DNA sequence: ACCTGAACACCGTTCAAGT
DNA sequence: ACCTGAACACCGTTCAAGT
């Protein structure tokens, strides 16, 4: 622990302001949404002056970009972990992935919206855009493996992954926006609706 | 035409400021997004002072709510018109609806995002939320009619409509966010990808 | 009844100055 | 090298005053 950290309450140098801003910002973004995301508030939460963030991020948008990137990384990690712990059948893996995607959305509704706000895809060298591709690869690989095992119908796994992602993302958005109640209400209802949707799509892939 | 309208350039009373604000606001929202939506700019575009909008809308949020409601109404109108002009087969109707949904998204990306920003479903008496239900009813009715004709598998048409909507909305979001390229690139590519997706889901509904 | 202009609080961003 | 405080432009909202 550095000298800076030990006298932290009054330390002139924060020590790890960049991460503190990311954490405080993620909290504001996830819970309150972009509309109420203001840089001065985030700086206040991190215990620094309103000008301090500019030492670490070009502007407000750059901070949000970085938070969005973290969001994709967290999502990728959660999906991968669920696949790891799930059974061996491909349909089961896909259901587990879809449910986890929807749960992530329920826990971070505003963050998910911001992840698909167009900012990540402004240009393809964007770190958030690259992070989003890692998420895509996760279910594409599940589909590809499933095809090799004969559990999923044929077709370009990349395209099938796109269809699956569309369904999962639409489910997540409509559920957090209260548009598919009462079919997906409560933890049980959501799980049932997601399973039903994914099963239907997988059945269609076999045809 | 009223006296107010005839001397319009210098008229103290605008005449139809409410609609002028809605139109100017819809343009800003659709093209620039919420982040760049500011009330003073909208007022400027409508040719009035920055305080004038408060005579017609409680605040900025109320104006956006009203624009979002218009968005759902326009979408409902477009979907209904496409169904009207399409062939008789239910799968064909659903493909036409999905494609129109995606085209609407491409033409009004920011507006669509705002339509699913959580604001419409804050409470269920919200006019925007009610307008969104009219959109829902359109494909639910197509599905229901298709079931009676034996063209679509059995199941609660409301739930099936929810699944279909999820797929359509996910396709729209991922396409405007450049996440399913190169599978849905260009007008042709988008049409092919949407048809493929919807066909797959419909096939699954038969099982 | 509808609109304007001044006023206030607050945010994003910059920059010279502090440690 | 990192952070602060003052400063500036600009936005949301209110309100007394104008037509």
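Protein chains in written order, with our numbering: chain A, 4 to 210; chain B, 4 to 210.
Here a beta-carbon is modelled for each residue, glycine too, at the ideal position from N, C-alpha and C.
Just so we're clear, the structure is a prediction, and the values are computed from it rather than from any experiment.
Residues near residue 28 of chain A in its chain [Cβ-Cβ closer than 6 Å; skip 5 each side]: As a first step, residue 28 of chain A must be located in the first chain, where it is residue number 25. For residue 28 of chain A, where only same-chain residues beyond five positions count, the Cβ hits under 6 Å are 45, 66, 70.
Proximity test, residue 72 of chain A beta-carbon vs the ligand NAD heavy atom, cut-off 7 Å: Absence of the ligand NAD is noted for the structure shown, with no ligands found whatsoever.
Any C-beta of chain A under 8 Å from that of residue 155 of chain B: Numbered from its first residue, the second chain carries residue 155 of chain B at position 152. Not an interface residue.
Exposed unless 16 or more other CB atoms sit within 10 angstroms - verdict on residue 92 of chain B: The sequence position of residue 92 of chain B within the second chain is 89, counting from 1. Residue 92 of chain B is exposed by the Cβ-count criterion.
Local conformation of residue 155 of chain A per DSSP, three classes: As a first step, residue 155 of chain A must be located in the first chain, where it is residue number 152. In the structure shown, residue 155 of chain A sits in coil (DSSP, three-state: anything other than H, G, I, E or B).
Short CB-CB distance (under 8 Å) between residue 205 of chain B and chain A: For this step, residue 205 of chain B is matched to residue 202 along the second chain. Yes, contact with chain A.
Contact set between residue 119 of chain B and chain A, taken where Cβ atoms lie within less than 7 Å: Locating residue 119 of chain B in the second chain gives position 116, counting from the first residue. Under the 7 Å cutoff, chain A gives 176, 180.
Same chain, Cβ closer than 7 Å to residue 132 of chain B, neighbours up to 5 away in sequence not counted: Locating residue 132 of chain B in the second chain gives position 129, where the first residue counts as 1. 123, 124.
Cβ of residue 172 of chain B within 8 Å of any chain A Cβ: Locating residue 172 of chain B in the second chain gives position 169, counting from the first residue. It does: the Cβ of residue 172 of chain B has a partner Cβ on chain A nearer than 8 Å.
Beta-carbon gap between residue 78 of chain A and residue 107 of chain A smaller than 8 Å: On the first chain, position 75 is the one that residue 78 of chain A refers to. On the first chain, position 104 is the one that residue 107 of chain A refers to. Yes, they are a contact pair.
Element boundaries [alpha helix (DSSP H), containing residue 188 of chain A]: Here residue 188 of chain A refers to the residue found at position 185 of the first chain. Note, residue 188 of chain A: premise wrong, no alpha helix (DSSP H); not H, not E.
7 Å CB neighbourhood of residue 179 of chain A in its chain, flanking five on each side removed: Position 176 of the first chain, counting from 1, holds the residue named residue 179 of chain A. For residue 179 of chain A, where only same-chain residues beyond five positions count, the Cβ hits under 7 Å are 108, 109, 112.
Coarse secondary structure for residue 150 of chain A, derived from DSSP in three states: What you label residue 150 of chain A is simply residue 147 of the first chain in a count that begins at 1. Looking at residue 150 of chain A - three-state DSSP - the assignment turns out to be helix.
Where residue 207 of chain B sits in the DSSP three-state scheme: Here residue 207 of chain B refers to the residue found at position 204 when the second chain is read from its first residue. Helix, per DSSP.
Buried or exposed by the 16-neighbour rule on C-beta atoms within 10 Å, applied to residue 160 of chain B: For the purposes of this step, residue 160 of chain B is taken as residue 157 along the second chain, with counting starting at 1. Classification for residue 160 of chain B: buried.
Residue-level contact to chain B via CB, residue 169 of chain A, 8 Å cutoff: The sequence position of residue 169 of chain A within the first chain is 166, counting from 1. Yes, its Cβ sits closer than 8 Å to a Cβ of chain B.
Min CB distance residue 5 of chain B to chain A below 8 Å: On the second chain, residue 5 of chain B is found 2 positions in, with the first residue counted as 1. Per-residue confidence for residue 5 of chain B stands at a pLDDT of 34, beneath the threshold of 50, marking its modelled position as unreliable; the derived number appears in the next sentence. Not closer than 8 Å to any Cβ of chain A, the Cβ of residue 5 of chain B fails to qualify, so no.
Proximity winner among A/154, A/135, A/101, A/142, relative to residue 175 of chain A (alpha-carbon distances): If you number the first chain from 1, residue 175 of chain A lands on position 172. For residue 175 of chain A, the closest of A/154, A/135, A/101, A/142 by C-alpha to C-alpha distance is A/101.
Distance between beta carbons of residue 169 of chain B and residue 177 of chain A, contact taken as under 8 Å: For the purposes of this step, residue 177 of chain A is taken as residue 174 along the first chain, with counting starting at 1. For the purposes of this step, residue 169 of chain B is taken as residue 166 along the second chain, with counting starting at 1. About 5 Å separates the beta carbon of residue 177 of chain A from that of residue 169 of chain B, a gap short enough to meet the 8 Å contact definition.
Entirely enclosed alpha helix (DSSP H) segments - the segment 47-79 of chain A, minimum 4 residues: none
Cβ pair residue 59 of chain A, residue 43 of chain A closer than 8 Å: In the first chain, counting from the first residue as 1, residue 59 of chain A sits at position 56. In the first chain, counting from the first residue as 1, residue 43 of chain A sits at position 40. Result no, Cβ atoms of residue 59 of chain A and residue 43 of chain A do not sit closer than 8 Å.
Where residue 172 of chain A falls, given that 16 or more other Cβ within 10 Å makes a residue buried: One-based indexing of the first chain puts residue 172 of chain A at position 169. Residue 172 of chain A is buried by the Cβ-count criterion.
Residue 166 of chain A versus B/156, B/130, B/137, B/203, residue with shortest Cα-Cα distance: Along the first chain, read from residue 1 onward, the residue named residue 166 of chain A stands at position 163. Comparing Cα positions, the closest option is B/203.
Check whether residue 186 of chain B and residue 162 of chain A have beta carbons under 8 Å apart: Counting from one through the second chain, the residue named residue 186 of chain B turns up at place 183. Counting from one through the first chain, the residue named residue 162 of chain A turns up at place 159. Contact flag set, yes.
Proximity test, Cβ basis, 8 Å: residue 186 of chain A and chain B: As a working mapping, residue 186 of chain A is identified with position 183 in the first chain. Yes, its Cβ sits closer than 8 Å to a Cβ of chain B.
Beta-carbon contacts of residue 5 of chain A that lie in its chain and below 8 Å, excluding the five residues immediately before and after: Along the first chain, read from residue 1 onward, the residue named residue 5 of chain A stands at position 2. Legend: pLDDT at residue 5 of chain A = 34, less than 50; position of this residue unreliable, no value from coordinates given.
Amino acids of chain A, ordered along the chain, whose beta-carbon sits closer than 7 Å to that of residue 161 of chain B: Position 158 of the second chain, counting from 1, holds the residue named residue 161 of chain B. Result: 186.
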